[in-house]
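Working notes, beginning with the structure itself.
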């Protein structure tokens, strides 16, 4: 479903906006890809994905860093919009944050009402409860001696 959505977005936006695709390759194999649009001197990052087999290298983070590096080096954009207010990892790249709201539209009916209830009400509550429970069962880290500089150790020996 997401693939068809992005195909539709690209086909409709290719005319009025500059659609760009970027790829990260390792040994001639694509391990991450992203695409977005440029509109009014702003780059809008629409989607980034990576090969799960390469998780340990964080290719999505690397590709994002390369995108930002290119944006600053070429000065092609006035702003770089990640369009991902809900993803905490995106905020570490930004010096400004615009708070947005998600809008979800669903068909009326019991199936969609149940989905809403489970996904937007029960799941967040269960996740908060699980996090509290997990944190409550963690042992505090043992107290350690403060680090002492080497030259202070040597001065004490004299």
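Numbering (this note's numbering), first residue to last: 6 to 163. Yeah, the Cβ is synthetic: ideal placement off N, Cα and C, and Gly gets one too.
Residue i, DSSP secondary structure in three states
{"i": "residue 86", "result": "strand"}
{"i": "residue 101", "result": "coil"}
{"i": "residue 27", "result": "strand"}
{"i": "residue 65", "result": "helix"}
{"i": "residue 131", "result": "helix"}
{"i": "residue 110", "result": "coil"}
Cβ neighbours of residue i in the same chain (closer than 7 Å, five flanking residues each side left out)
{"i": "residue 125", "result": "none"}
{"i": "residue 88", "result": "49, 50, 51"}
Proximal residues to residue i (C-beta, below 6 Å), its chain only, five neighbours per side dropped
{"i": "residue 56", "result": "36"}
{"i": "residue 85", "result": "48, 76"}
{"i": "residue 111", "result": "117"}
Alpha-carbon to alpha-carbon, residue j and residue i
{"i": "residue 82", "j": "residue 52", "result": "18 Å"}
{"i": "residue 121", "j": "residue 136", "result": "22 Å"}
{"i": "residue 9", "j": "residue 138", "result": "39 Å"}
{"i": "residue 5", "j": "residue 27", "result": "In the structure as shown, the chain begins at 6 and stops at 163. Residue 5 is therefore absent and cannot be evaluated."}
{"i": "residue 58", "j": "residue 78", "result": "31 Å"}
{"i": "residue 24", "j": "residue 42", "result": "4 Å"}
{"i": "residue 63", "j": "residue 29", "result": "11 Å"}
{"i": "residue 114", "j": "residue 99", "result": "40 Å"}
{"i": "residue 73", "j": "residue 131", "result": "36 Å"}
{"i": "residue 119", "j": "residue 54", "result": "29 Å"}
Residues near residue i in its chain [Cβ-Cβ closer than 8 Å; skip 5 each side]
{"i": "residue 14", "result": "51"}
{"i": "residue 38", "result": "26, 27, 28, 29, 53, 54, 55, 68"}
C-beta neighbour in chain D for residue i, strict 8 Å
{"i": "residue 132", "result": "No chain D is part of this structure, which consists of one protein chain only."}
Any non-hydrogen atom of the ligand SAH closer than 7 Å to residue i Cβ
{"i": "residue 56", "result": "For the ligand SAH, the structure offers nothing, since it holds no ligand at all."}
Is the stretch 106-125 touching the stretch 69-87, taking contact as three or more C-beta pairs under 8 Å?
Not touching, per the Cβ criterion.
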